Amino acid sequence: MGTSVVELGPRLAVVLALLTALAAAGGRLSGLGQERPVVVAALRATVQLAAVSAVLLVVVRSLWLSAALVLLMVTVAAVTAAERVTGLPLRAPGAGRRVATAALAVTTGAAPVVALVLGSGTVPMRGEAVIPIAGILVGGAMTATSLAGRRLREELTTRRGELEAALALGLLPRDAVLEVARPSAATALVPPLDQTRTVGLVTLPGAYVGVLLGGGSPAAAGAAQLLVLLGLLAAEVVAVWTVTELVARGHVLGGLPR
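Going by the numbering used here, the first residue of the sequence shown is number 108, and it counts up by one from there.
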């Protein structure tokens with residue numbers, strides 16, 4: 108029989124409030140100016156997780172509803188990545204193109220991995236399995252797209268002169284952009300690479316702990332975590348590759364100098 112990793116009740120509410128206060132105080136006292144975003148993020152997470160928990164009770168019973176929820180995840184991920192990369196709000200002109208470009212990068216990263224793990228039967232075709240796996244992979248692809256796209260924008264802005272010099276030497280626009288900015292985009296892969304390299308030595312991530320708490324064996328927990336880590340790594344590598352190519356070929360996520 109599985110056990111809960113946390114006990115629901117007043118103590119949990121107090122601890123969550125204190126954790127939010129600690130993060131907000133750190134954001135203010137450090138001079139980073141992030142106290143308001145911290146509080147807003149914490150409140151949004153609370154409301155969203157409460158709503159999702161209620162929705163999942165119904166959605167997981169239907170594969171079609173589960174697929175619709177995954178599509179919603181991709182949409183939100185694309186909007187978030189587009190805003191992070193460009194620094195432009197959704198209401199700014201050209202939002203449709205920016206979101207579509209981000210959606211292509213996120214989907215290209217996550218879709219092949221989801222298809223492989225589901226098509227092979229490694230993960231059962233049931234809502235309670237499809238939703239968490241797809242959510243993890245879409246989230247990873249979103250983060251990789253945001254980081255890589257932002258680094259590309261910053262690099263092309265600060266190294267505009269080198270880009271123009273490469274073009275003057277006769278390089279095609281795509282080759283010039285890749286020559287200048289591709290190494291910076293690769294830094295988006297540092298977090299997943301470090302997480303994969305150090306798993307079991309530094310941390311025991313969520314999938315591993317979840318399987319153990321659900322009554323699974325350590326071997327099953329290790330297998331589940333390895334599937335998640337390697338799936339994330341594949342999704343994020345492809346997402347970074349895709350957004351780099353999109354930017355280099357002129358499918359700009361807004362504000363990139365050309």
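Note that CB positions come from ideal geometry on N, CA and C, so glycine has one too.
Predicted model, so just to flag it, every value in this text is computed and none were measured.
> With distances taken between CB atoms, is the gap from Val284 to Arg266 smaller than 8 Å?
Replying inline: Along the sequence shown, one-based indexing puts residue 284 at 177. Along the sequence shown, one-based indexing puts residue 266 at 159. No, they are not a contact pair.
Just to confirm, is the Cβ distance from Ala248 to Gly226 under 8 Å? Counted from its first residue, the sequence shown places residue 248 at position 141. Counted from its first residue, the sequence shown places residue 226 at position 119. No, these two residues do not count as a Cβ contact at 8 Å.
Would you mind reading off the limits of the alpha helix (DSSP H) that contains Pro280?
Stepping through the sequence shown from its first residue, residue 280 is reached at position 173. Here the alpha helix (DSSP H) through Pro280 covers 280 to 292.
Figure out for me which residue from Arg168, Arg257, Val221 has the closest Cα to the Cα of Ala209. Numbered from 1 along the sequence shown, position 102 holds the residue referred to as residue 209. Of Arg168, Arg257, Val221, the residue nearest in Cα terms is Arg257.
Kindly indicate which residue of Val335, Ser137, Glu261, Ala128 has the alpha-carbon position closest to the one of Leu150. Locating residue 150 in the sequence shown gives position 43, where the first residue counts as 1. Nearest of Val335, Ser137, Glu261, Ala128 to Leu150, Cα basis: Ala128.
Are Pro280 and Leu340 touching if we call contact CB-CB under 8 Å? As a working mapping, residue 280 is identified with position 173 in the sequence shown. As a working mapping, residue 340 is identified with position 233 in the sequence shown. Going by C-beta atoms, Pro280 is not nearer than 8 Å to Leu340.
> Once you ignore the five residues that flank Leu131 on each side, which residues in its own chain have a CB closer than 7 Å to its CB?
Replying inline: Walking along the sequence shown from the start, residue 131 turns up at place 24. In the sequence as displayed, the identity of residue 131 is Ala instead of Leu. Once the five neighbours on either side are set aside, the close Cβ partners of Ala131 are Glu142, Val145, Val146.
key: Per-residue DSSP class, three states only, for Val167   = As a first step, residue 167 must be located in the sequence shown, where it is residue number 60. Note: Val167 maps to coil in three-state DSSP.
Whole angstroms are fine: how far does the CA of Leu156 sit from the CA of Ser137? Along the sequence shown, read from residue 1 onward, the residue named residue 137 stands at position 30. Along the sequence shown, read from residue 1 onward, the residue named residue 156 stands at position 49. About 29 Å.
Q | Nearest-angstrom Cβ-Cβ length linking Ala251 and Val183, presumed shorter than 8 Å | A | Taking the sequence shown and counting its residues from 1, one reaches residue 251 at position 144. Taking the sequence shown and counting its residues from 1, one reaches residue 183 at position 76. In fact, because the Cβ distance is near 16 Å, the residues do not count as touching under 8 Å.
Less than 8 Å between the CB atoms is what I'm expecting for Ser173 and Ile238, so what's the real figure, rounded? Position 66 of the sequence shown holds residue 173. Position 131 of the sequence shown holds residue 238. Correct: roughly 5 Å between the Cβ atoms.
- Message: Within 8 Å of any Cβ in chain C, is that where the Cβ of Ile240 sits?
- Response: Absent here is chain C; the protein component of the structure consists of one chain.
Out of curiosity, what's the CA-to-CA distance linking Ala355 and Pro200? In the sequence shown, the residue the question calls residue 355 occupies position 248. In the sequence shown, the residue the question calls residue 200 occupies position 93. Their backbone Cα atoms lie some 22 Å apart in a straight line.
**Q.** Euclidean distance between Cα positions of Gly134 and Ala148
**A.** Counting from 1 along the sequence shown, the entry for residue 134 is found at position 27. Counting from 1 along the sequence shown, the entry for residue 148 is found at position 41. Cα to Cα, the separation comes out at about 13 Å.
Looking at the unbroken alpha helix (DSSP H) that takes in Gln332, where does it start and where does it end?
-> Along the sequence shown, one-based indexing puts residue 332 at 225. Note, Gln332: alpha helix (DSSP H), 325 to 355.
Closest to Ala158 by C-alpha separation, out of Thr229, Val220, Val350, Leu176, would be which residue?
Numbered from 1 along the sequence shown, position 51 holds the residue referred to as residue 158. The option with the nearest alpha carbon to Ala158 is Leu176.
Q.
Tell me which residues share the same chain as Leu373 and place their Cβ nearer than 7 Å to its Cβ, disregarding the 5 neighbours each side in the sequence.
A. The structure shown does not extend to residue 373, since the chain is modelled only from 108 through 365, so no value can be given for it.
query: Is the distance from the Cβ of Thr349 to the Cβ of Leu211 below 8 Å?
result: Sequence index remark: in the sequence shown, residue 349 carries index 242 (1-based). Sequence index remark: in the sequence shown, residue 211 carries index 104 (1-based). Yes, they are a contact pair.
**Prompt:** Between Gln332 and Val297, is the Cβ-Cβ spacing less than 8 Å?
**Reply:** On the sequence shown, position 225 is the one that residue 332 refers to. On the sequence shown, position 190 is the one that residue 297 refers to. No, Cβ-Cβ distance for Gln332 and Val297 is not below 8 Å.
Please state if the CB of Thr214 and the CB of Arg205 are separated by a distance shorter than 8 Å.
The sequence position of residue 205 within the sequence shown is 98, counting from 1. The sequence position of residue 214 within the sequence shown is 107, counting from 1. No, the pair does not count as a contact, with Cβ atoms beyond the cut-off.
- Query: For Leu170, which residues of its own chain have a beta-carbon under 8 Å away from its beta-carbon, when the five flanking residues on both sides are left out?
  - Reply: Along the sequence shown, one-based indexing puts residue 170 at 63. Closer than 8 Å at the Cβ level, and outside the excluded window around Leu170, lie Met232, Arg233, Gly234, Val237.
For this session: Could you spell out the range, first to last residue, of the alpha helix (DSSP H) harbouring Leu274?
Result: Working through the sequence shown from its first residue, we reach residue 274 at position 167. From DSSP, the alpha helix (DSSP H) with Leu274 extends over 267 to 275.
Leu270 vs Ser291 beta-carbon contact at 8 Å:
Numbered from 1 along the sequence shown, position 163 holds the residue referred to as residue 270. Numbered from 1 along the sequence shown, position 184 holds the residue referred to as residue 291. No, the Cβ-Cβ distance between Leu270 and Ser291 is not below 8 Å.
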